[in-house]
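Undergrad: Residue numbers for the sequence shown follow the working numbering, beginning at 469 and rising by one.
Even glycine gets a Cβ: it sits at the ideal position worked out from N, Cα and C.
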Amino acid sequence: DRDREWAHEFKNRWTQGQDDNTADNVSPQRRNAANPTADKNRSLIRRFWNGDVPLWKSYWLIGVLASIPIWFLINLVYVFSFGLAFAISIGFQVFLYVGIWRSSDKYEGSKIWSVLAKVAIIFGLILSLLYVFAFSTLA
469 DRDREWAHEF KNRWTQGQDD NTADNVSPQR RNAANPTADK NRSLIRRFWN GDVPLWKSYW
529 LIGVLASIPI WFLINLVYVF SFGLAFAISI GFQVFLYVGI WRSSDKYEGS KIWSVLAKVA
589 IIFGLILSLL YVFAFSTLA
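1. Assuming Val562 contacts Leu552 (C-beta within less than 8 Å), just tell me the rounded distance between them.
2. Hey, quick one: how far does the alpha helix (DSSP H) through Tyr446 stretch, first residue to last?
3. Report the option in Leu595, Leu597, Val566 whose CA atom is closest to the CA atom of Leu523.
4. So, under 8 Å CB-CB, Ser571 and Ser526 are touching, yes? Tell me the CB distance rounded to an integer number of Å.
5. Tell me whether Val521 sits in a helix, a strand or coil according to DSSP, three-state version.
6. Which residue from Arg514, Tyr599, Trp528 puts its Cα closest to that of Ala588?
7. My understanding is that Gly531 touches Lys574, with C-beta atoms under 8 Å, so please give their C-beta distance in whole angstroms.
8. With respect to the alpha helix (DSSP H) encompassing Ile530, which residues constitute its N-terminal and C-terminal limits?
9. Should Leu595 go down as buried or exposed, given a rule of 16 or more other Cβ atoms within 10 Å for buried?
10. Give the DSSP-derived three-state secondary structure of Arg514 in the structure shown.
11. If we count the other Cβ atoms within 10 Å of its Cβ and call it buried at 16 or more, is Asp487 buried or exposed?
12. Tell whether a beta-carbon distance below 9 Å holds between Ala585 and Ile568.
13. Under the rule that 16 or more other beta-carbon atoms within 10 Å means buried, what is Val547, buried or exposed?
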């Protein structure tokens, strides 16, 4: 039934001459190149989480540059409450890793950049786990 509905919808779009960039299987980056205002209604946080921000912006602007003040704030919270700082830190790391991973899944350029972004995420996750393990043995 779903296949039939999809085929019917595809046929309607095709016969009505709609642009191919509206198809469901087109990446958000390509779709939004044709309609740049379509994605502006969603927040940057939601677009990042869904992987709809281009990989270079996800990695360098959000994962690196925007993280600096956030990590600074987490360190300020640490002075008052280790538990709260730890919880915020874990949540922020999950947010970063998921957003960058999803952006790399949708990246349409050279595959090496997608792979390198995922390798960096895996290394970051391993280092985070080692840090937690080392810190927990000291306490």
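TA: The short version:
1. Against the sequence shown, residue 562 aligns to sequence position 94. Against the sequence shown, residue 552 aligns to sequence position 84. Actually they are not in contact, since the Cβ atoms of Val562 and Leu552 sit about 16 Å apart, beyond 8 Å.
2. The chain is shown only over 469 to 607; residue 446 falls outside these bounds and no answer can be derived.
3. Reading the sequence shown from its first residue, position 55 is the one you call residue 523. The shortest Cα separation from Leu523 among Leu595, Leu597, Val566 belongs to Val566.
4. Position 103 of the sequence shown, counting from 1, holds the residue named residue 571. Position 58 of the sequence shown, counting from 1, holds the residue named residue 526. About 4 Å separates the two Cβ atoms, so the contact holds.
5. The residue labelled residue 521 in the question sits at position 53 within the sequence shown. Of the three classes helix, strand and coil, the one that applies to Val521 here is coil, per DSSP.
6. Looking up residue 588 in the sequence shown gives position 120. Here the closest residue by C-alpha is Trp528.
7. Working through the sequence shown from its first residue, we reach residue 531 at position 63. Working through the sequence shown from its first residue, we reach residue 574 at position 106. That belief does not hold up - the Cβ atoms of Gly531 and Lys574 are roughly 15 Å apart, past 8 Å.
8. Locating residue 530 in the sequence shown gives position 62, where the first residue counts as 1. Looking at the DSSP string, Ile530 is not in any alpha helix (DSSP H), and its letter there is neither H nor E.
9. Translated into positions along the sequence shown, residue 595 becomes position 127. Exposed is the call here.
10. Numbered from its first residue, the sequence shown carries residue 514 at position 46. Of the three classes helix, strand and coil, the one that applies to Arg514 here is helix, per DSSP.
11. By one-based count along the sequence shown, residue 487 stands at place 19. Residue placement at Asp487 is poorly supported in this model, since its pLDDT is 46, which falls under 50; the coordinates are not used for a value here.
12. Along the sequence shown, one-based indexing puts residue 585 at 117. Along the sequence shown, one-based indexing puts residue 568 at 100. Yes; because the gap between Cβ atoms is below 9 Å, this pair is in contact.
13. The residue given as residue 547 occupies position 79 in the sequence shown. That one is exposed.
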